[in-house]
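Its first residue numbered 1, the sequence shown is counted upward by one per residue in full-length UniProt numbering. Each residue gets a CB set at the ideal place from its N, CA and C atoms; glycine is no exception. These numbers were taken from a predicted model, which means no experiment stands behind them.
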Amino acid sequence: MTAHVLMYSSGVCPYCTMAERLLKSKGVDDIEKIRIDLDPQQRDAMMQKTGRRTVPQIYIGDTHVGGFDDLNALERLGKLDALLQGA
Numbered sequence: 001m002t003a004h005v006l007m008y009s010s011g012v013c014p015y016c017t018m019a020e021r022l023l024k025s026k027g028v029d030d031i032e033k034i035r036i037d038l039d040p041q042q043r044d045a046m047m048q049k050t051g052r053r054t055v056p057q058i059y060i061g062d063t064h065v066g067g068f069d070d071l072n073a074l075e076r077l078g079k080l081d082a083l084l085q086g087a
């Protein structure tokens, strides 16, 4: 079982697409996506929660991973699988 994945995203964000592609390649089929371009209040909530303005902002379980570059760095370091498994 994989950890819950939440991703703040927008419809025109190539980094959001790349993050989703990487997560799916790791077996994550269910990504809860919050589209901040469709709901400005969600953008405000994201900024309050993460302290960042850009998308994607990714949470795996209770851990704020950050954006695509952060997610990809975890993968390169071999730490993404453990995080996805909730370890």
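For the pair A19 and P56, the CB atoms are nearer than the 8 Å cut-off. In this structure, I36 places its C-beta atom within 8 Å of the C-beta atom of Y8. Distance check between H64 and each of L84, L77, G78 and R76 places L84 closest, using alpha-carbon atoms only.
In the three-state scheme derived from DSSP, where H, G and I count as helix and E and B as strand, S25 is classed as helix. Under DSSP, no beta-bridge partner is assigned to L74. Boundaries for K79: no alpha helix (DSSP H) harbours it, and the DSSP string shows neither H nor E there.
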